[in-house]
Amino acid sequence: MNYRIDSTTGKKESFASVKERSTRAAIHMNKLGINPEDVILFCSRNTLNSIIPVLASLYLGAKVASTDPTLSVRDCAHCISLVTPRFIFVEQDSVNLIEDSLLEAKFKANIIVIGESVIYKKFSDLQSASSEEEKFRPILNVDCHDTAFIYFSSGTTGLPKGICLTHFGLLNSVLSML
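Per the working numbering, the very first residue in the sequence shown carries number 6; after that it's consecutive.
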């Protein structure tokens with residue numbers, strides 16, 4: 006099987022398309038100044054679009070964090086204050102949650118909407134073809150002990166806590182599945 010399937014819609018996408026779209030996103034994100042020091046936060050359900058900016062962030066060496074779009078404003082604001090993201094990719098239905106959470110956290114971040122928006126940059130703006138696609142290569146000089154992902158605990162005994170997964174840990178996780 007050389008494609009993935011959105012279990013909700015039944016839509017299929019080839020892995021070649023995933024690579025092309027994530028490369029295009031990385032090129033545009035690089036032009037926005039995203040670099041290995043940045044944390045990129047995602048607030049989205051699982052869709053065919055949601056993995057694309059995650060992969061693009063990893064190509065650029067940026068740290069990836071994710072929040073659940075069903076969180077309360079209080080919990081989402083707490084997560085934002087823990088990771089202080091430079092950019093937030095958010096699905097259209099969760100824009101209000103992110104706006105309210107940023108206000109509560111007294112924090113500013115650049116918002117990119119996966120969907121339609123007249124206020125913020127749209128994810129679709131990062132999908133246009135680029136002459137740089139053929140020569141694009143992910144950043145390779147990332148230290149394997151640097152953080153790749155920041156997950157949040159469930160917060161059952163208090164507020165969620167950030168849990169870091171290094172590039173080395175990510176690679177080990179992938180290799181253990183083979």
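Glycine included, each C-beta is placed from N, C-alpha and C at the ideal position.
Nothing here was measured: the structure is a model prediction, and the numbers come from that model.
With a threshold of 6 Å on Cβ separation, who are the neighbours of residue i within its own chain once the five nearest residues in sequence on each side are excluded?
i	result
Val44	Lys68, Ala70, Val88, Pro90
Lys17	Tyr8, Ile10
Ser55	Ser49
By how many angstroms is the C-alpha of residue j removed from the C-alpha of residue i?
i	j	result
Glu166	Ser159	A small fix is needed here, since residue 166 is Lys in this sequence, not Glu. In a straight line, the C-alpha of Lys166 is about 8 Å away from that of Ser159.
Ala21	Arg9	11 Å
His33	Leu176	26 Å
Cys48	Lys113	16 Å
Leu4	Pro41	Because the chain is modelled from 6 through 183, residue 4 falls outside the range shown and cannot be assessed.
Phe128	Ile117	6 Å
Ile39	Thr161	33 Å
Ser181	Gly174	10 Å
Leu46	Leu164	18 Å
Asn35	Leu170	23 Å
Asn51	Glu137	28 Å
Ile155	Asp80	15 Å
Lys126	Ile93	11 Å
Less than 7 Å separating the beta-carbons of residue i and residue j?
i	j	result
Ser27	Leu60	yes
Gln97	Gly66	no
Thr30	Pro74	Per the sequence shown, the amino acid found at residue 30 is Ala instead of Thr. Not closer than 7 Å, so no.
Val78	Asp105	yes
Val95	Ile103	yes
Run through DSSP, which three-state label would residue i get?
i	result
Lys24	helix
Leu183	coil
Asn115	strand
Ser19	strand
Lys127	strand
Glu109	helix
Arg9	strand
Gly163	coil
Phe94	strand
Ala153	strand
Leaving out five residues before and five after residue i in sequence, what residues of the same chain have Cβ atoms less than 7 Å from its Cβ?
i	result
Arg172	The residue you asked about is not Arg; residue 172 is His in the sequence shown. Contacts found: Val147, Cys149, Asp151, Ala153.
Ser135	Arg29, Ile32
Gln132	Arg26, Arg29, Ala30
Classify residue i: buried if its beta carbon has 16 or more other beta carbons within 10 angstroms, exposed otherwise.
i	result
Leu63	buried
Leu145	exposed
Phe141	exposed
Ser178	exposed
Leu76	buried
Ser12	exposed
Thr72	buried
Suppose the cutoff is 8 Å on Cβ atoms and the five residues either side in sequence are ignored; what does the same chain contact list for residue i look like?
i	result
Ile168	Ile155, Tyr156, Phe157, Ser158
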